[in-house]
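Working notes for the structure below.
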Amino acid sequence: PTYGEHIAWSESSAVTFANSVIGAKTNREGGPSALAAAFVGKTPCYGLHLEENRVPDVHVDVRVNLKKLSDWGALGYCIGEKVGNKIPYITGVKDADLDELKSFCASVVTYGSKPLFYMQGITPGSEKHQLPKERIIIEDRDIKKAYENINDDIDTIDFVCIGCPHCSIKEIAEVAKLLKNKRVSSNTEFWVATSRLMKQLADKRGYTEIIENAGGKFACDTCMAVAPLKGRFKSVATTSAKGCYYSRHNDMKTKLGSLEECIEAAVRGKWS
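Take 10 as the starting number for the sequence shown in this note's numbering and just add one per residue.
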């Protein structure tokens, strides 16, 4: 989709990405309503399709240095928990790549509820709005607290999953680099969740062979948030704050960390 285009998407993190990063307009559709929109070529004109409902409500002043991908998930946790159903206008973030924004989108809507945010100087449309009067400050202690709330007190890891939302080819390349000449623990299952298209690209570039030779597996066109994992694993390590949220609903203990930490957990079967 393009900026300002009306679309009808389901899946909360994709909806948040479309509204915020692309600047398209969509509500949080369910699968059936999105499919119905595809059949008729129309979607109800309400909610976030209307410009008056896309005005930010709260200024979020971010005063932290985001060092790794999981920090973006922790930031999403902090903001989602604090703003709830309000639309945040975020300042203080200097730059962000698509993988970082993707991770943030998944987290902020999982722990909050509004699938739209503005990030000053980064997301389209942010220049049209003034700073809301209400202000929330996010500091290092908030990020630390987010990790403490998400991470359980465990060391044994029997499942590691990267790709919630789906891994980009850049992320798959990094996984392959970290797993080269290593072996996933016999007590741990390691998944890379991605789209079938990215998997085909990984095949051509040799990443799939490296990951599978190390004992890893690919899960295409699905992810840990919807996979039938309940009762299969007791603990999970992931770079995804959203993945941690849904894993707890599957009675799993969770660890949120960097890609390097997760790969180490997959190889050792333990969290360092």
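The beta carbon of each residue, even a glycine, is placed where N, CA and C say it ideally should be.
Note that the coordinates shown come from a computational prediction; the quantities given were computed from them, not determined experimentally.
- At a cut-off of 4 residues, the continuous stretches assigned as alpha helix (DSSP H) that sit fully inside the stretch 170-240 are 178-188, 205-214 and 216-222.
- Distance from V24 to H138 at the Cβ level is roughly 20 Å; contact not present, criterion being Cβ atoms closer than 8 Å.
- Here DSSP, grouped into helix, strand and coil, assigns A45 to helix.
- Take the alpha-carbon of P237 and the one of E136: they are about 42 Å apart.
- Contact annotation: C170 and T247 have beta-carbon atoms nearer than 9 Å.
- Shown here for M233: same chain residues with a beta carbon closer than 6 Å to its own, the five before and five after excluded, namely C170, C173 and G252 in chain order.
- The beta carbons of R72 and E148 sit about 5 Å from each other, so the pair counts as a contact at 8 Å.
- Contact between F199 and A275 is confirmed by a C-beta separation of about 4 Å, below the 8 Å threshold.
- Counting only runs of 4 or more residues that sit fully inside the stretch 20-100, the alpha helix (DSSP H) segments are 21-26, 40-49 and 78-92, in chain order.
- Assigned with DSSP and collapsed to three states, Y127 falls in strand.
- Of T263, V235, Y255 and H258, the smallest CA-CA separation from S244 is found for T263.
- Rounded to the nearest angstrom, the gap between the Cα atoms of Y12 and V193 is 43 Å.
- For K142, the secondary structure class from DSSP, reduced to helix, strand or coil, is coil.
- Under the 10 Å beta carbon count, D151 is surrounded by 16 or more other beta carbons and is classified as buried.
- As a beta-bridge residue in DSSP terms, L265 pairs with T247.
- Bridge pairing for I166: absent [DSSP].
- In this chain, the alpha helix (DSSP H) harbouring D108 covers L107 to Y120.
- Taken through DSSP and simplified to helix, strand or coil, K153 comes out as helix.
- For R257 and G240, the gap between their C-alpha atoms comes out near 12 Å.
- The closest CA to that of K191, considering only E180, L107 and G278, is found on G278.
- Excluding its 5 nearest sequence neighbours in each direction, I181 has C-beta neighbours in its own chain below 7 Å: V201, T203, M207, A211 and Y216, listed in chain order.
- Beta-bridge partners assigned by DSSP to K279: T165.
- Look at I16 here: in three-state DSSP terms it is coil, with no helix or strand label.
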